[in-house]
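Visitor:
In my numbering, the protein residues as written are 458 to 1065.
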């Protein structure tokens, strides 16, 4: 019928088009309203801003988990079709695959995905502290593609750092879609990072601790709940698709004798020394590589890949992330000298690839190196002291986190990571000893962590937990004037109080009123009272005393500064007894605590 009436058909199509557009616009409007109501819209009776943000954290974890699952599958598929399939029968292919993968992945990152270059941890920290939570989604695509090619062809890098940046990118995209506020956008990137690393490593506690310790660089209670929800939901998605099995099949751990703790301490010492050397060597090599000519910059990943391939022909255990080799070491399938050889070669090949700019992360290599160091030293001890020591597998398990602790300066993460993987309380003491020693030695020999040095090389000056530890905020106790030289009892006569204050070169005083608290008075108040003939009266009757708040010595000086804008002098009292004066605080005291010049007082200026 429409064919015989073209004008009617056109009119009908116009009507249908207009109706469709109206329906679509209505649908879009309803969708936007629903999304804003759900996530960041106006406060409703059912859900507040905090609840919406927590819900978005769960959604972020789900999407990040699905992307990381695809990332893992892609790496395994590529490895199965390249290194595993062809390299096993052709030594030349085994040598060339890492070189080809390193060159192609670097080329793609260099020309098409510049945001995929460098450290995912630093990129996520920059989103938090520099770019208000913005992580371009091209970085997610680039990290996925480049790291898949690099790791899948055998380069000795890990998937956790790329997964962290991918999670941050997904979170940033969702934040922009849902029009989060600036404050929430800044927090969404580390939330996605926790989801990414949790799904990649299948350990939610480790993900939460690492993001709080290294990415956020502070223990921020406001974001902790969201990070936990994102990490847990991402791990649930990962386990749904990839199974509940952990990365490693961990045998039961036993502490044969307490003298073994000396061997665990030795593992920590060696790991600390090697992690400090690795940090220095990799950072210096990377700095030289960045200054090389363009031809050399492109050639370095290929050359590093050739070295990896040449080693991998005889020792395929060093290829890729190395999870399988760690699992074999945990079950005592390698002799101790072979474990030490694998650890040494992994250090060299990983340092070369990292310095050359080969895409991939450092988490898995750090775990591999620590495991081989622990297993090698423990196996050596077991060979000569078989009665008093455990098998090499136990030392592999403890060693997993030692190199990680020294390299990334994240001791809490490294300790709980091993505990989460092993699910054994017995292992806590050896792990704490080994990891803490490794961290302290590495920090003493190499002050800055690898991430911090790489950030500086890339033009970023990002905070770290170590800076937070070293630069703790001042407290009231650090600035207050101890004693009671600014205090006069309320029973003192006005003229006596004035003489006392003038003798101490004060402009105001605190007045203690028993059972009523603390008050303050200006020196001008005393002079006016004397001029009015009230010099012989006590302070409580003669003056219009002004009430004042109390401070405690452990409060931050920042909190006290806000109060000093209203109260020129504030008593500092004990938390156990509010009538027990410990000292007093003025703005001049704060200036002195910060090493600033005390501002000159203007005559006749109105006092607070």
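Glycine included, each C-beta is placed from N, C-alpha and C at the ideal position.
1. Whether or not the segment 835-842 and the segment 680-696 are in contact is what I'm after, with contact meaning three or more pairs of Cβ atoms, one per stretch, closer than 8 Å; do they touch?
2. Roughly how many angstroms lie between the CA atoms of residue 798 and residue 534, to the nearest whole one?
3. So for residue 1003, helix, strand or coil by DSSP?
4. Indicate the three-state DSSP secondary structure (helix, strand or coil) for residue 881 in the structure shown.
5. For the 8 Å Cβ check, are there 3 or more pairs between the segment 728-747 and the segment 570-578?
6. Examine the Cβ distances between the segment 895-910 and the segment 860-871 and report whether three or more of them are shorter than 8 Å.
7. Note down the Cα distance separating residue 1016 from residue 787, rounded to an integer number of angstroms.
8. Count the C-beta pairs between the segment 609-618 and the segment 632-639 that are closer than 8 Å, then say yes if the count reaches three, no if not.
9. Please specify which runs of the beta strand (DSSP E), each continuous and at least 3 residues long, are wholly inside the segment 720-756, giving them in chain order.
10. How long is the line joining the alpha carbons of residue 945 and residue 987, rounded to whole angstroms?
11. Throw me the rounded Cβ distance for the residue 995 and residue 976 pair, which I believe falls under 8 Å.
12. Thinking C-beta only, is residue 563 closer than 9 Å to residue 596?
13. Under the rule that 16 or more other beta-carbon atoms within 10 Å means buried, what is residue 1053, buried or exposed?
14. Quick one: measure Cβ to Cβ for residue 953 and residue 1050, integer angstroms, because I've assumed they're closer than 8 Å.
15. Evaluate residue 736 with the Cβ neighbour count: other Cβ atoms within 10 Å of its Cβ, from every protein chain shown; 16 or more gives buried, anything less gives exposed.
16. Using a Cβ-Cβ cut-off of 6 Å (strictly less than) and excluding sequence neighbours within five positions of residue 574, which residues of its own chain qualify?
17. Check the C-beta distance from residue 1042 over to residue 933 and give it rounded, since I have them as a contact under 8 Å.
18. Quick one: grab the DSSP three-state call for residue 943.
19. May I have the straight-line CA-CA distance separating residue 979 from residue 963, to the nearest angstrom?
20. Who are the near neighbours of residue 940 in its chain, counting only those whose CB is closer than 8 Å to its CB and skipping five residues on each side?
21. For a quick check, are the C-beta atoms of residue 607 and residue 815 less than 9 Å apart?
22. Would you call residue 671 buried or exposed, if buried means 16 or more other Cβ atoms sit within 10 Å of its Cβ?
23. Residues bridged to residue 526 by DSSP?
24. Since residue 724 and residue 834 are thought to touch, with beta carbons under 8 Å apart, how far apart are those beta carbons, to the nearest angstrom?
25. Could you tell me which residues DSSP puts in a beta bridge with residue 1034?
26. Measure how close the beta-carbons of residue 764 and residue 809 come, nearest whole angstrom, since I'm counting them as under 8 Å.
27. From what residue to what residue does the alpha helix (DSSP H) around residue 834 run?
28. How long is the line joining the alpha carbons of residue 642 and residue 588, rounded to whole angstroms?
29. Tell me the residue span of the alpha helix (DSSP H) that contains residue 857.
30. Residue 524: buried (16+ other C-beta within 10 angstroms of its C-beta) or exposed?
31. Inspect the beta-carbon positions of residue 510 and residue 683 and report whether they are closer than 9 Å.
32. Output the distance between the C-alpha atoms of residue 514 and residue 669, rounded to the nearest integer angstrom.
33. Please classify residue 656 as buried or exposed, where buried requires at least 16 neighbouring CB atoms within 10 angstroms.
34. If we ignore side chains and look at the alpha-carbon of each, how far apart do residue 858 and residue 938 end up?
35. Could you pull out every residue in the same chain whose Cβ sits closer than 7 Å to the Cβ of residue 553, ignoring the five residues on either side in sequence?
36. Report all residues from its chain with a CB closer than 8 Å to the CB of residue 720; omit the five preceding and five following residues, and keep chain order.
Guide: Straight from the coordinates:
1. no
2. Position 341 of the chain shown, counted from the first residue, corresponds to residue 798. Position 77 of the chain shown, counted from the first residue, corresponds to residue 534. Using only the alpha carbons, I get a separation of about 28 Å.
3. Locating residue 1003 in the chain shown gives position 546, where the first residue counts as 1. DSSP places residue 1003 in strand when its eight states are reduced to three.
4. As a first step, residue 881 is located in the chain shown; it is residue number 424 there, counting from the start. Three-state result, residue 881: coil.
5. no
6. yes
7. As a first step, residue 1016 must be located in the chain shown, where it is residue number 559. As a first step, residue 787 must be located in the chain shown, where it is residue number 330. Taking the straight line joining both Cα atoms gives about 51 Å.
8. no
9. none
10. Here residue 945 is taken as the residue at index 488 of the chain shown, counted from 1. Here residue 987 is taken as the residue at index 530 of the chain shown, counted from 1. Rounded to whole angstroms, residue 945 to residue 987 spans 17 Å at the Cα level.
11. Taking the first residue of the chain shown as position 1, residue 995 is located at position 538. Taking the first residue of the chain shown as position 1, residue 976 is located at position 519. Not a contact, Cβ separation roughly 13 Å.
12. Taking the first residue of the chain shown as position 1, residue 596 is located at position 139. Taking the first residue of the chain shown as position 1, residue 563 is located at position 106. Cβ distance not < 9 Å, so residue 596 and residue 563 don't count as in contact.
13. As a working mapping, residue 1053 is identified with position 596 in the chain shown. Exposed, because fewer than 16 other Cβ atoms sit within 10 Å of the Cβ of residue 1053.
14. Position 496 of the chain shown, counting from 1, holds the residue named residue 953. Position 593 of the chain shown, counting from 1, holds the residue named residue 1050. With a Cβ gap of about 31 Å, residue 953 and residue 1050 do not count as contacting.
15. Taking the chain shown and counting its residues from 1, the one referred to as residue 736 is at position 279. The residue is buried, with at least 16 neighbouring Cβ atoms inside 10 Å.
16. Stepping through the chain shown from its first residue, residue 574 is reached at position 117. The answer, listed in chain order, is 566.
17. Counting from 1 along the chain shown, the entry for residue 1042 is found at position 585. Counting from 1 along the chain shown, the entry for residue 933 is found at position 476. Between residue 933 and residue 1042 the Cβ distance is about 6 Å, and since that is below 8 Å, they are a contact.
18. The residue given as residue 943 occupies position 486 in the chain shown. The answer is coil: DSSP assigns residue 943 none of H, G, I, E or B.
19. The residue labelled residue 979 in the question sits at position 522 within the chain shown. The residue labelled residue 963 in the question sits at position 506 within the chain shown. Cα to Cα, the separation comes out at about 9 Å.
20. Counting from 1 along the chain shown, the entry for residue 940 is found at position 483. 1040.
21. Here the question's residue 607 lines up with position 150 in the chain shown. Here the question's residue 815 lines up with position 358 in the chain shown. Yes, these two residues count as a Cβ contact at 9 Å.
22. Stepping through the chain shown from its first residue, residue 671 is reached at position 214. Result: buried.
23. By 1-based counting over the chain shown, the position of residue 526 is 69. DSSP lists no partner for residue 526.
24. Locating residue 724 in the chain shown gives position 267, where the first residue counts as 1. Locating residue 834 in the chain shown gives position 377, where the first residue counts as 1. Indeed they touch by this definition, with Cβ atoms about 5 Å apart.
25. Here residue 1034 refers to the residue found at position 577 of the chain shown. Paired residue(s): none; residue 1034 is not in a bridge.
26. Taking the first residue of the chain shown as 1, we reach residue 764 at position 307. Taking the first residue of the chain shown as 1, we reach residue 809 at position 352. Correct: roughly 6 Å between the Cβ atoms.
27. Stepping through the chain shown from its first residue, residue 834 is reached at position 377. 820-841 is the span of the alpha helix (DSSP H), which, as asked, contains residue 834.
28. By 1-based counting over the chain shown, the position of residue 642 is 185. By 1-based counting over the chain shown, the position of residue 588 is 131. Roughly 10 Å between the two C-alpha positions.
29. Mapped onto the chain shown, residue 857 falls at position 400. Here residue 857 belongs to no alpha helix (DSSP H), and DSSP marks it neither H nor E.
30. Counting from 1 along the chain shown, the entry for residue 524 is found at position 67. With 16 or more other Cβ atoms within 10 Å, it is buried.
31. One-based indexing of the chain shown puts residue 510 at position 53. One-based indexing of the chain shown puts residue 683 at position 226. Yes, the pair counts as a contact, with Cβ atoms nearer than the cut-off.
32. Here residue 514 is taken as the residue at index 57 of the chain shown, counted from 1. Here residue 669 is taken as the residue at index 212 of the chain shown, counted from 1. Cα-Cα distance, rounded: 15 Å.
33. The residue labelled residue 656 in the question sits at position 199 within the chain shown. Counting Cβ neighbours within 10 Å, residue 656 comes out buried, since at least 16 surround it.
34. Working through the chain shown from its first residue, we reach residue 858 at position 401. Working through the chain shown from its first residue, we reach residue 938 at position 481. Each residue's alpha carbon lies about 46 Å from the other.
35. On the chain shown, residue 553 is found 96 positions in, with the first residue counted as 1. Cβ within range, chain order: 766.
36. Translated into the one-based positions of the chain shown, residue 720 becomes position 263. Same-chain partners within the cutoff: 834, 835, 838, 846 and 852.
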